[in-house]
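A.B. asks: A single structure is presented below for examination.
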Amino acid sequence: MQRIDWARLLAVGLTRLGLKPAEFWALSPAELMLMLEPMGGARPLDSTGLDALLSAYPDQQREIPDE
Numbered sequence: 176m177q178r179i180d181w182a183r184l185l186a187v188g189l190t191r192l193g194l195k196p197a198e199f200w201a202l203s204p205a206e207l208m209l210m211l212e213p214m215g216g217a218r219p220l221d222s223t224g225l226d227a228l229l230s231a232y233p234d235q236q237r238e239i240p241d242e
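Residues in the sequence shown are numbered from 176 upward in steps of one, following my numbering.
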């Protein structure tokens, strides 16, 4: 079983997440990990990813009627 480094998690929760101590201690470990996931999980969208999205979902041209 892996030990939880509560001191480090508390520091991250208070500084990076902006939690108050009571808010931090009210979270379950699973909730805290979900909140921290964006910091180490998914990478930001790069140009290759953007190009893939643009190809998959191209803008649709619509006719604008003359007034």
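Where a beta carbon is used, it is the ideal one built from N, C-alpha and C, also for glycine.
Given this structure, state the Cα-to-Cα distance separating L202 from L209, to the nearest angstrom.
C.D. replies: 10 angstroms
A.B. asks: Between which two residues does the alpha helix (DSSP H) harbouring R196 extend?
C.D. replies: Residue identity check: residue 196 is Pro in the sequence provided, not Arg. Segment 196-201, the alpha helix (DSSP H) holding P196.
A.B. asks: State the CB to CB distance for the pair L207 and P196, rounded to an integer number of angstroms; the pair is presumed to be in contact (CB under 8 angstroms).
C.D. replies: So it is not a contact: roughly 13 angstroms between Cβ atoms.
A.B. asks: Where R237 and L220 are concerned, what is the direct C-alpha to C-alpha distance, given to the nearest angstrom?
C.D. replies: 28 angstroms
A.B. asks: Can you tell me the Cα-Cα spacing of P233 and D226, whole angstroms?
C.D. replies: 10 angstroms
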